[in-house]
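There are 2 protein chains.
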Amino acid sequence: MTGMLTHSGDDGPGRRGCGPLIAPLSETMRPLRQQVFERVRASGLMPRVQVAKELGVSAASVTTITSELIELGLLEEVTVPRETDTGRGRPPVALGVRADAHLVVGMKLSDREHTAVLLDFAGNMLASEAVSREPAASDPATLLAASDALIDRVTAAAGVPRSAISAVGIGVPGFVDSPSGHVYWSSVLNVRGFDLARAASQRLGLPVTVDNDANLVALAELWFGAGRERADFAVVTIEHGLGMGLVLNHRLYRGGQGVGMELGHTKVQLDGALCRCGQRGCLEAYVADYALAREATTALNWIYKDGQSVQILLESLYDHAKAGNPAARSIFRRAGRYLAVGLANVVNLFDPALIILSGERMRYDYLYAADTLAEMENLVLATGRPLPPIEVHAWGDMLWAHGAAALALSSVTEATLAPPRELAAQ
Amino acid sequence: MTGMLTHSGDDGPGRRGCGPLIAPLSETMRPLRQQVFERVRASGLMPRVQVAKELGVSAASVTTITSELIELGLLEEVTVPRETDTGRGRPPVALGVRADAHLVVGMKLSDREHTAVLLDFAGNMLASEAVSREPAASDPATLLAASDALIDRVTAAAGVPRSAISAVGIGVPGFVDSPSGHVYWSSVLNVRGFDLARAASQRLGLPVTVDNDANLVALAELWFGAGRERADFAVVTIEHGLGMGLVLNHRLYRGGQGVGMELGHTKVQLDGALCRCGQRGCLEAYVADYALAREATTALNWIYKDGQSVQILLESLYDHAKAGNPAARSIFRRAGRYLAVGLANVVNLFDPALIILSGERMRYDYLYAADTLAEMENLVLATGRPLPPIEVHAWGDMLWAHGAAALALSSVTEATLAPPRELAAQ
Numbered sequence: 001m002t003g004m005l006t007h008s009g010d011d012g013p014g015r016r017g018c019g020p021l022i023a024p025l026s027e028t029m030r031p032l033r034q035q036v037f038e039r040v041r042a043s044g045l046m047p048r049v050q051v052a053k054e055l056g057v058s059a060a061s062v063t064t065i066t067s068e069l070i071e072l073g074l075l076e077e078v079t080v081p082r083e084t085d086t087g088r089g090r091p092p093v094a095l096g097v098r099a100d101a102h103l104v105v106g107m108k109l110s111d112r113e114h115t116a117v118l119l120d121f122a123g124n125m126l127a128s129e130a131v132s133r134e135p136a137a138s139d140p141a142t143l144l145a146a147s148d149a150l151i152d153r154v155t156a157a158a159g160v161p162r163s164a165i166s167a168v169g170i171g172v173p174g175f176v177d178s179p180s181g182h183v184y185w186s187s188v189l190n191v192r193g194f195d196l197a198r199a200a201s202q203r204l205g206l207p208v209t210v211d212n213d214a215n216l217v218a219l220a221e222l223w224f225g226a227g228r229e230r231a232d233f234a235v236v237t238i239e240h241g242l243g244m245g246l247v248l249n250h251r252l253y254r255g256g257q258g259v260g261m262e263l264g265h266t267k268v269q270l271d272g273a274l275c276r277c278g279q280r281g282c283l284e285a286y287v288a289d290y291a292l293a294r295e296a297t298t299a300l301n302w303i304y305k306d307g308q309s310v311q312i313l314l315e316s317l318y319d320h321a322k323a324g325n326p327a328a329r330s331i332f333r334r335a336g337r338y339l340a341v342g343l344a345n346v347v348n349l350f351d352p353a354l355i356i357l358s359g360e361r362m363r364y365d366y367l368y369a370a371d372t373l374a375e376m377e378n379l380v381l382a383t384g385r386p387l388p389p390i391e392v393h394a395w396g397d398m399l400w401a402h403g404a405a406a407l408a409l410s411s412v413t414e415a416t417l418a419p420p421r422e423l424a425a426q
Numbered sequence: 001m002t003g004m005l006t007h008s009g010d011d012g013p014g015r016r017g018c019g020p021l022i023a024p025l026s027e028t029m030r031p032l033r034q035q036v037f038e039r040v041r042a043s044g045l046m047p048r049v050q051v052a053k054e055l056g057v058s059a060a061s062v063t064t065i066t067s068e069l070i071e072l073g074l075l076e077e078v079t080v081p082r083e084t085d086t087g088r089g090r091p092p093v094a095l096g097v098r099a100d101a102h103l104v105v106g107m108k109l110s111d112r113e114h115t116a117v118l119l120d121f122a123g124n125m126l127a128s129e130a131v132s133r134e135p136a137a138s139d140p141a142t143l144l145a146a147s148d149a150l151i152d153r154v155t156a157a158a159g160v161p162r163s164a165i166s167a168v169g170i171g172v173p174g175f176v177d178s179p180s181g182h183v184y185w186s187s188v189l190n191v192r193g194f195d196l197a198r199a200a201s202q203r204l205g206l207p208v209t210v211d212n213d214a215n216l217v218a219l220a221e222l223w224f225g226a227g228r229e230r231a232d233f234a235v236v237t238i239e240h241g242l243g244m245g246l247v248l249n250h251r252l253y254r255g256g257q258g259v260g261m262e263l264g265h266t267k268v269q270l271d272g273a274l275c276r277c278g279q280r281g282c283l284e285a286y287v288a289d290y291a292l293a294r295e296a297t298t299a300l301n302w303i304y305k306d307g308q309s310v311q312i313l314l315e316s317l318y319d320h321a322k323a324g325n326p327a328a329r330s331i332f333r334r335a336g337r338y339l340a341v342g343l344a345n346v347v348n349l350f351d352p353a354l355i356i357l358s359g360e361r362m363r364y365d366y367l368y369a370a371d372t373l374a375e376m377e378n379l380v381l382a383t384g385r386p387l388p389p390i391e392v393h394a395w396g397d398m399l400w401a402h403g404a405a406a407l408a409l410s411s412v413t414e415a416t417l418a419p420p421r422e423l424a425a426q
């Protein structure tokens, strides 16, 4: 028992509370420089006047700060072609991220394959590589060797030396403390509690940041997708597991202590189905592909042959469902109902303006059929407001690797802009 | 079916995405002036140098801004007594909120009683009143008349005219859009969809803001309790319903569109117990007092007499449980297990550094007995980290009214400090 229970009595608040003179807070305001960079990066191209408007600061401040960011080599001026050139006046100039400022590698290490992309600082993909693997947890040395080989392959494909890479981002499924790069548990590792960022950094000879793979999908959307137009949205990923990422005010939110947003392991049934995390009743134990495969082998009396991939099994199950097999249909139907529970809980808690469903499994449209949406509507707070829009992005592992690259881009940006200079001096 | 489903194909991201030049965002940075005020307000008393340090801005900026805030009448300088007065040098000066800047009233309208407090701007309580009522949903006119009478009583008790009140905050259970003051559903109202803020403002002749009552408990903690020392925490309230409030970085988070954090209506069982919101499987349908009372009348074969209060029934149930009645114990035991599910889901999603359990029902210690914590530990991500501290604040309705007053204080502050002046000009 490690929980601490303290108890306050009935005296209540209301007295003039004089807190400690030195409050134990570590909040520092995000420097305006970083906010300016992020607004430009998020929008792709943005005129200075728009940056000033969106951040509520003066045009003079934005001019000063963008000059610094141009000097640091992070931003550049881009002349925007006019739709109808009147030939009069100066052509409009916008700010954009300088593509050749840095190169980064993002990789997703997963149960089935490892993927990597090499991006420039503006997010252009210069090379990508994928290596399939045996679906099983690895020891740390094997996983590090695989990431080392993947870096070699993707840099070779781009025709750049490893030394040209500024940073590496790595995504793994499971419970990850991103700030420290510590992996508490991951289905790709056969040990619990591993300092992946530190070990990978030593092995690769490059700065490495690590995050939960669902967070990386949210980061990919933030940098290259929905984040260009939205400040707040939720991403739910369905693959071998079920994950979630939340973007709040243009930033990825990882929970109060960095290991939150584990929607797949929220409990939707007391003493429910067994999850691969070892607990019972987790949402992903009803929705993820291993949950469907488990039911397929049971209900359809199939024998799961050693080495047979879950993908093949699920494709077969899907074909049976489409052909009208009642047991196969019931498996997808139940998974869809539980997905509705999960999505309704996301709405009831986060009230997002947009939900993005992401992952290869979204090809199984039973999961998000009209039935699922109808069920979800029955489970969402009855306010009379419409459900939030739900977009389905059926992108593959390359998207996840893009998210890992966005993580690397973030770390490069933060390292360049830190330590925060005084706002008032700008 | 109101959900919108859109589908993106397999082309994926990676192109240089040039977003729209004018992004449809409404983000403006929180003005530094407001941040300075909030840091001082949260800490009780704070020296200028500490404000500068915590916000990462220059001492000169803080001096300028605090002069403005003193001129606006919101802050004042307070001489801090030294523990050992050396008699040399100037005594240290800290900033504090000016108590007589404004008076506000906060009230909680609930199923059982209406409560109100009258506070000064520093949070000192000048008067409080409580009026018990028949536990039933009211029509809007009755509810407005009750709040009008309550304002009369609490201003009379404080010996101030109604015209001395700057703002009123009202908390009600249910689904509330705080920015607009619209109540989608509340157990205290017999209609759905009511513009409570507007109607109450007309009736009372004062500016009125409205919020969900659990959010108000979080606000009370933010202004007068845990918020003095913490930037981030979660509050879970258990009373007639089960609610949640989340404080992120010194601010109440209400979800992406303002009606989030409805933990009590997250679904923990497909086709589960009936909730008073009309849906099935809501967490509160297993934990809130009406859920326990429902089971008590069934399992113990008690007849629920008209007019008999839920409180009396629950006290009796609690006495039976303490005396060893197995059915009574099993009712609390199951409620405790479901509470563990709810708290574990809070941890798995929000990974908070602190959870505060609040509400009168916390007197029933079965709900948070060692069993509950042990169950919770089994349901929380197995990272090996300790559970977050769980504090039990068994305060009554007066705390909720304090939260409503904090809402009124927030609205006064924001009105005084808005529209945001340009950061660069400060």
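Protein chains in written order, with this note's numbering: chain A, 1 to 426; chain B, 1 to 426. Glycine included, every Cβ here is placed at the ideal spot set by N, Cα and C.
- Listed by position along chain B, the residues whose Cβ is nearer than 9 angstroms to that of P140(A) form an empty set, because the closest Cβ is around 17 angstroms away.
- Bridge pairing for K267(B): C282(B) [DSSP].
- Scanning V105(A), G225(A), V208(A) and Y290(A) for the CA closest to the CA of E239(A) turns up Y290(A).
- Around L45(A), the same chain offers V78, V80, A94, L95 and G96 as residues with beta carbons nearer than 8 angstroms, after the five sequence neighbours per side are excluded.
- CA-CA distance, Q311(A) to V347(B), rounds to 32 angstroms.
- Per DSSP, L381(B) is not a residue of any alpha helix (DSSP H), being assigned neither H nor E.
- Interface flag for F350(B) against chain A is set, since a Cβ pair is found closer than 8 angstroms.
- In this structure, L206(A) places its C-beta atom within 8 angstroms of the C-beta atom of I165(A).
- Collapsing the DSSP output to three states places W223(B) in a helix.
- Only T266, K267, V268, Q269, L270, C277, G278 and Q279 from the region 266-279 of chain B bring a Cβ to less than 8 angstroms from some Cβ of chain A.
- Using a C-beta cut-off of 8 angstroms, the region 239-255 of chain B makes no contact with the region 146-156 of chain B, since fewer than three inter-stretch Cβ pairs fall below that distance.
- Between G336(B) and A369(B) the beta-carbon gap is near 6 angstroms, inside 8 angstroms, which marks them as a contact.
- Inter-residue distance for D211(B) and N215(A) is about 31 angstroms (C-alpha atoms, whole angstroms).
- L263(A) places its beta carbon 8 angstroms or farther from that of V235(A).
- The beta carbons of E113(A) and A130(A) sit closer together than 8 angstroms.
- Contact annotation: the region 272-281 of chain A touches the region 369-387 of chain B, with at least three C-beta pairs closer than 8 angstroms.
- Residues of the same chain with a CB within less than 6 angstroms of the CB of L317(A), apart from the 5 flanking positions on each side, are A296 and A328 in chain order.
- In terms of Cβ geometry, V57(A) and R48(A) do not form a close pair [threshold 8 angstroms].
- With a threshold of 8 angstroms between beta carbons, Q311(A) makes no contact with chain B.
- Beta-bridge partners assigned by DSSP to L357(B): V236(B) and V392(B).
- Residues of chain B whose Cβ lies closer than 7 angstroms to the Cβ of F175(A) are, in chain order, L381 and T383.
- Comparing alpha carbon positions, the residue from P91(B), S132(B), V154(B) and T115(B) closest to L126(B) is V154(B).
- Contact annotation: L343(A) and I355(A) have beta-carbon atoms nearer than 8 angstroms.
- Nearest neighbour of A136(B) by Cα position, chosen from G243(B), S309(B), L349(B) and L55(B), turns out to be S309(B).
- Pairing T115(A) with H402(A), the inter-Cα distance amounts to about 10 angstroms.
- If the five residues before and after L409(B) are omitted, its C-beta is found closer than 6 angstroms to the C-beta atoms of V104, all from its own chain and listed in chain order.
- Taking 8 angstroms as the upper bound for CB-CB distance, S411(A) and T266(A) are not in contact here, some 29 angstroms apart.
- At least one beta carbon of chain B lies nearer than 8 angstroms to the beta carbon of Y338(A).
- Contact of M107(A) with chain B is not assigned, every C-beta pair being separated by 8 angstroms or more.
- Assignment of G171(B) by DSSP, reduced to helix, strand and coil, places it in the strand class.
- When the five nearest sequence neighbours on each side are left out, the beta carbons in the same chain lying within less than 6 angstroms of the beta carbon of P91(A) are those of T79, in order along the chain.
- If you draw a straight line from the Cα of V188(A) to the Cα of F194(A), it comes to about 12 angstroms.
- Against chain A, the CB of E38(B) has no partner CB under 8 angstroms away; the residue lies outside that interface.
- In chain A, no part has a C-beta under 7 angstroms from the C-beta of G181(B); the shortest such distance is about 14 angstroms.
- Beta-bridge annotation (DSSP): S128(A) is paired with V117(A).
- Within a 10 Å sphere around the beta-carbon of L274(A) sit fewer than 16 other beta-carbons, which makes this residue exposed.
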